[in-house]
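Enquirer:
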Amino acid sequence: MPAATEPLKHDGATPRWRGPAMLAAGAALVAVLWHADPNATGSVLPPCPFQALTGIFCPGCGATRALHALVHGDLAGAMAMNPLLVLSLPIIALMLARVAGWLPDGLHGLAQKLSDARPWAVVVISYAVARNIPLEPFTWLAPG
Amino acid sequence: MNCTNCGQNNADGAAFCVSCGAALSAAPPSPPPAAAAPAYSAPAYSAPAPAAQPPVPNHLVWAILATLCCCLPTGIVAIIFAAQVDGKAAAGDYDGARKASDNAKLWSWISLGIGLVGGLAYAGLMMLGVIADAGSY
Chain A
0 MPAATEPLKH DGATPRWRGP AMLAAGAALV AVLWHADPNA TGSVLPPCPF QALTGIFCPG
60 CGATRALHAL VHGDLAGAMA MNPLLVLSLP IIALMLARVA GWLPDGLHGL AQKLSDARPW
120 AVVVISYAVA RNIPLEPFTW LAPG
Chain B
0 MNCTNCGQNN ADGAAFCVSC GAALSAAPPS PPPAAAAPAY SAPAYSAPAP AAQPPVPNHL
60 VWAILATLCC CLPTGIVAII FAAQVDGKAA AGDYDGARKA SDNAKLWSWI SLGIGLVGGL
120 AYAGLMMLGV IADAGSY
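Line by line, the protein sequences are chains A and B. At position 26 of the first sequence (counting the first as 1) the number is 25 in numbering that gives the first Met the number 0, and the numbers step up by one without a gap. At position 99 of the second sequence (counting the first as 1) the number is 98 in numbering that gives the first Met the number 0, and the numbers step up by one without a gap.
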């Protein structure tokens, strides 16, 4: 495997435009959420299409309202709308920093551990089921 | 041993850095230009594969974003494929992992695409509706 001795794929190989492009997209999202209110009737921000079609809460239901609450400094309101999204945000930020090639060296091991998709699959699917159970502890997971 | 590229501590005998994917060499830091293939990784290497066995990307972050922000079951499909990437890579099935990786990427893009097109279409219709309402007064 002679080619393997050349480090073909390492952090320096991340395209330079990627980080700035992701930052721009994030800033655009924050700007939209700052001005548009997903709680208002007739808002330009769409409701969950899956929930509108099926009546079932998906893992993303309440994500827009949660992010809107966060942008306006309302952490409790955000947790009420989509707790998994809010709790995942620091991890998602870490993963995005890695994709952008901006991850500090000391965090590579942590990002690697958190990027194992197997626990994520279990958590997300369990969450999808649990937030539809109409009983007391589970209803906290549903939006609202 | 520590990766000479990023400093990540890797298991002894690992062929590639778990963190940055750079090739690890058992010999001291300077990698030999054309060393003989390490015996343990030779069987997994199939002819036209691009660059030996770097960690197979699971594209997880896009699958999560697609699921949490696009409200689509296709995002869950992407997460399941991402989980298969890690499961198969851990079991040494790199071809299977790479296929699952491509699928994870594909389904993430499908989800993000549907979410973006649907969201923009919805926003456009609402704006037109608002404009139409405003015009009727």
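Note that CB positions come from ideal geometry on N, CA and C, so glycine has one too.
Note down the Cα distance separating A/I90 from B/L119, rounded to an integer number of angstroms.
Expert: The count along the first sequence starts at 1 and reaches residue 90 of chain A at position 91. The count along the second sequence starts at 1 and reaches residue 119 of chain B at position 120. Roughly 27 Å between the two C-alpha positions.
Enquirer: Around the Cβ of B/P54, are there at least 16 other Cβ atoms within 10 angstroms (buried) or fewer (exposed)?
Expert: In the second sequence, residue 54 of chain B corresponds to position 55, counting from 1. Buried: at least 16 other Cβ atoms inside 10 Å.
Enquirer: Are the Cβ atoms of A/L83 and A/V123 separated by less than 9 Å?
Expert: Locating residue 83 of chain A in the first sequence gives position 84, where the first residue counts as 1. Locating residue 123 of chain A in the first sequence gives position 124, where the first residue counts as 1. Cβ atoms of A/L83 and A/V123: closer than 9 Å.
Enquirer: Buried or exposed, going by whether 16 or more other CB atoms sit within 10 Å of the CB of B/P32?
Expert: Counting from one through the second sequence, the residue named residue 32 of chain B turns up at place 33. Here B/P32 scores only 47 on pLDDT, less than 50, and its place in the model is too uncertain to base an answer on.
Enquirer: So, is the C-beta of B/G86 closer than 9 Å to a C-beta in chain A?
Expert: In the second sequence, residue 86 of chain B corresponds to position 87, counting from 1. It does; some Cβ of chain A falls within 9 Å.
Enquirer: Counting beta carbon pairs with one atom in the region 120 to 138 of chain A and one in the region 64 to 71 of chain A, are three or more of them shorter than 8 Å?
Expert: Result no; under three Cβ-Cβ pairs closer than 8 Å.
Enquirer: Go ahead and pull the three-state DSSP assignment for A/A141.
Expert: Within the first sequence, numbered from 1, the residue matching residue 141 of chain A stands at position 142. Of the three classes helix, strand and coil, the one that applies to A/A141 here is coil, per DSSP.
Enquirer: I need the DSSP call for B/N8, collapsed to helix, strand or coil.
Expert: Residue mapping note: residue 8 of chain B aligns to position 9 of the second sequence, counting from 1. Strand at B/N8.
Enquirer: Report the three-state DSSP secondary structure of A/E135 (helix, strand or coil).
Expert: The residue labelled residue 135 of chain A in the question sits at position 136 within the first sequence. Of the three classes helix, strand and coil, the one that applies to A/E135 here is helix, per DSSP.
Enquirer: Count the C-beta pairs between the region 94 to 109 of chain B and the region 70 to 86 of chain B that are closer than 8 Å, then say yes if the count reaches three, no if not.
Expert: With a cut-off of 8 Å, the region 70 to 86 of chain B and the region 94 to 109 of chain B count as touching, because enough Cβ pairs lie within range.
Enquirer: Buried or exposed for A/R15, please, with buried defined as at least 16 other CB atoms from any protein chain shown within 10 angstroms of its CB.
Expert: Translated into the one-based positions of the first sequence, residue 15 of chain A becomes position 16. Result: exposed.
Enquirer: Taking only beta-carbon atoms, is A/A62 less than 9 Å away from chain B?
Expert: Reading the first sequence from its first residue, position 63 is the one you call residue 62 of chain A. Chain B contact via Cβ: present.
Enquirer: A/L95 versus chain B: which residues are under 8 Å apart at the beta carbon?
Expert: Here the question's residue 95 of chain A lines up with position 96 in the first sequence. In chain order: V60.
Enquirer: Starting from the beta carbon of B/N102, find every residue of chain A whose beta carbon is closer than 8 Å, and list them in chain order.
Expert: Taking the second sequence and counting its residues from 1, one reaches residue 102 of chain B at position 103. Those within 8 Å of B/N102 in chain A number zero; the least Cβ separation is about 12 Å.
Enquirer: Can you list, in chain order, the residues of its chain with a C-beta nearer than 6 Å to that of A/F49? Leave out the 5 residues immediately preceding and following it.
Expert: The residue given as residue 49 of chain A occupies position 50 in the first sequence. Answer for A/F49: C57, listed in chain order.
Enquirer: Quick one: give me the first and last residue of the alpha helix (DSSP H) that B/D85 is part of.
Expert: Locating residue 85 of chain B in the second sequence gives position 86, counting from the first residue. Where B/D85 is concerned, the enclosing alpha helix (DSSP H) stretches over P72 to A89.
Enquirer: Given that A/V43 touches chain B, what residues does it touch there, using C-beta distances under 7 Å?
Expert: Sequence index remark: in the first sequence, residue 43 of chain A carries index 44 (1-based). Residues of chain B passing the Cβ test: A122, M125 and M126.
Enquirer: Should B/L71 be flagged as near chain A, meaning a C-beta pair shorter than 9 Å?
Expert: Start at 1 with the first residue of the second sequence, and residue 71 of chain B comes out as number 72. So yes, B/L71 belongs to the interface.
Enquirer: Does the beta-carbon distance from B/D85 to B/N57 come in below 9 Å?
Expert: For the purposes of this step, residue 85 of chain B is taken as residue 86 along the second sequence, with counting starting at 1. For the purposes of this step, residue 57 of chain B is taken as residue 58 along the second sequence, with counting starting at 1. In contact: B/D85 and B/N57 (Cβ atoms closer than 9 Å).
Enquirer: Look at the Cβ atom of B/L115, then the Cβ atom of A/M94, and state whether they are nearer than 9 Å.
Expert: Against the second sequence, residue 115 of chain B aligns to sequence position 116. Against the first sequence, residue 94 of chain A aligns to sequence position 95. No, the Cβ-Cβ distance between B/L115 and A/M94 is not below 9 Å.
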